[in-house]
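Engineer: Dropping a structure here in structure tokens format, bear with me for questions.
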Ligand code: ASP
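Numbering (the numbering used here), first residue to last: 3 to 327.
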């Protein structure tokens, strides 16, 4: 116990901040490792707003640090001063990057304080609006007829769209040309413009475009159909014949390792309050996301969940032979 208290005091001094004053008037930066306007960015901006009140009116700015499927932004936070003023909002990539990417520039298990899971988000398989196919069956025929000529967007090696696309190619035994972007915001812009053919992306990004008929939607990646009115008629990829296909994206909040425990606790408590904010829940649910309310909203539960996800995804990625080396 004594040791722990001493560590806490040292960490607070190193960080130059006293927990009781945190955050005070200093700005908190939430790093989003993807381009602005995309699904991870959407979650971060809604969360930053919801965190403001429980953090005493603090200013929280979102800093987009895109590239390398989220590795660049995550590494930046891993190396930041551990004082609670630099946070990372990242998705499932935290558990798939260690298998999908070689030479990861950070250590998921030891470089971060885990502050809690934010939400779970389904993905949708979508196409350019001019796609000749109108349902999943027709899309299968179109894919078979266009082997070697299909452009599939993603947000870089290690991203969720990359993982989903690799699993989709493996399940359909089709090779497509990957087209990487700094996030799925620029990818969906190109999809709407017809520069690429297909994209697998979170409903938090695809729902408005599906509703506006700027893209075509073919299936959801969850094991059950969604209940959102806009997406409830889309088949699951499992129903469509891709046995065991299941990808759900979750987002979590992190601070650099060594953040004083009292500050990490304040941040976790603020997160739990934000997750109960009716406005945050309304916005997220409207985009097909489910706000977390289980044991994963606690740092321990979050950390255990990420470890379980690494254990779950590693053999699936390896068996599908889809890791990028
Ligand atoms: N949805 C993206 C991904 O594929 C990331 C983003 O732009 O938020 O990982």
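Glycine included, C-beta positions come from ideal geometry on N, C-alpha and C.
Rounded to whole angstroms, what is the Cα-Cα separation between residue 297 and residue 146?
Structural biologist: Within the chain shown, residue 297 is the residue found at index 295, counting from 1. Within the chain shown, residue 146 is the residue found at index 144, counting from 1. Looking at the two C-alpha atoms, the distance is approximately 44 Å.
Engineer: Which partner residues does residue 92 have in the DSSP bridge list?
Structural biologist: What you label residue 92 is simply residue 90 of the chain shown in a count that begins at 1. Beta-bridge pairing links residue 92 to 254.
Engineer: Go ahead and label residue 40 buried or exposed: buried means 16 or more other beta carbons lie within 10 angstroms of its beta carbon, across all protein chains shown.
Structural biologist: If you number the chain shown from 1, residue 40 lands on position 38. By the 10 Å Cβ count, residue 40 comes out buried.
Engineer: Rounded to the nearest angstrom, how far is the Cβ of residue 214 from that of residue 189, given a contact under 8 Å?
Structural biologist: Numbered from 1 along the chain shown, position 212 holds the residue referred to as residue 214. Numbered from 1 along the chain shown, position 187 holds the residue referred to as residue 189. About 17 Å separates the CB atoms of residue 214 and residue 189; that is not less than 8 Å, and the two are not in contact.
Engineer: For residue 80 versus residue 114, is the C-beta distance shorter than 9 Å?
Structural biologist: For the purposes of this step, residue 80 is taken as the residue at position 78 of the chain shown. For the purposes of this step, residue 114 is taken as the residue at position 112 of the chain shown. In this structure, residue 114 lies closer than 9 Å to residue 80 by Cβ.
Engineer: Ordered along the chain, which non-local residues of its own chain (more than five positions away) have a Cβ less than 6 Å from that of residue 187?
Structural biologist: Within the chain shown, numbered from 1, the residue matching residue 187 stands at position 185. Cβ neighbours of residue 187 beyond the five flanking positions: 37, 39 and 40.
Engineer: At a Cβ threshold of 9 Å, is residue 304 touching chain D?
Structural biologist: Checking the listed chains, one finds no chain D in this structure; it contains a single protein chain.
Engineer: With a threshold of 16 other CB atoms inside 10 Å of the CB of residue 207, please say whether the residue is buried or exposed.
Structural biologist: For the purposes of this step, residue 207 is identified with residue 205 of the chain shown, where counting begins at 1. Buried, because 16 or more other Cβ atoms sit within 10 Å of the Cβ of residue 207.
Engineer: Please give the ranges of any alpha helix (DSSP H) in the stretch 224–303, keeping only runs that are unbroken, at least 4 residues long and fully inside the region.
Structural biologist: Within the stretch 224–303, complete alpha helix (DSSP H) segments of at least 4 residues are found at 263–276 and 280–288, given in chain order.
Engineer: For the candidate residues 282, 151 and 259, whose alpha-carbon lies nearest to that of residue 180?
Structural biologist: As a working mapping, residue 180 is identified with position 178 in the chain shown. The shortest Cα separation from residue 180 among 282, 151 and 259 belongs to 151.
Engineer: Run the CB neighbour count on residue 104, radius 10 Å, all protein chains shown included, and call it buried at 16 or more, exposed below.
Structural biologist: Reading the chain shown from its first residue, position 102 is the one you call residue 104. An exposed status is given to residue 104, since fewer than 16 other beta-carbon atoms sit within 10 Å of its beta-carbon.
Engineer: My output table needs one value for residue 158: the three-state DSSP class, helix, strand or coil.
Structural biologist: In the chain shown, residue 158 corresponds to position 156, counting from 1. Coil at residue 158, not helix or strand.
Engineer: So, do the stretch 269–280 and the stretch 49–60 have three or more beta carbon pairs nearer to each other than 8 Å?
Structural biologist: yes
Engineer: Taking the Cβ atom as the reference point for each residue, do residue 91 and residue 164 lie within a distance shorter than 9 Å?
Structural biologist: Looking up residue 91 in the chain shown gives position 89. Looking up residue 164 in the chain shown gives position 162. Their beta carbons are not under 9 Å apart, which means residue 91 does not touch residue 164 by this criterion.
Engineer: Under the criterion of a Cβ to heavy atom distance below 8 Å, does residue 50 qualify as lining the ligand ASP?
Structural biologist: By 1-based counting over the chain shown, the position of residue 50 is 48. For the ligand ASP, not one heavy atom lies less than 8 Å from the Cβ of residue 50.
Engineer: For residue 11, count neighbouring Cβ atoms within 10 angstroms of its own Cβ and tell me buried if that reaches 16, exposed if not.
Structural biologist: By one-based count along the chain shown, residue 11 stands at place 9. For residue 11, the predicted model reports a pLDDT of 47, less than 50, meaning its position is unreliable; a value from the coordinates is still stated below. Result: exposed.
Engineer: Would you kindly work out how many angstroms separate the C-alpha atoms of residue 209 and residue 20, rounded to a whole number?
Structural biologist: To locate residue 209, count along the chain shown from 1; it is residue 207. To locate residue 20, count along the chain shown from 1; it is residue 18. Approximately 43 Å, taken between the alpha carbons.
Engineer: Give me the DSSP bridge partner(s) of residue 114.
Structural biologist: In the chain shown, the residue the question calls residue 114 occupies position 112. 258.
Engineer: In the DSSP assignment, what residue or residues form a beta bridge with residue 133?
Structural biologist: Sequence index remark: in the chain shown, residue 133 carries index 131 (1-based). DSSP output for residue 133 lists no bridge partner at all.
Engineer: With the cut-off set at 9 Å, would you say residue 126 and residue 219 are in Cβ contact?
Structural biologist: Counted from its first residue, the chain shown places residue 126 at position 124. Counted from its first residue, the chain shown places residue 219 at position 217. Yes; because the gap between Cβ atoms is below 9 Å, this pair is in contact.
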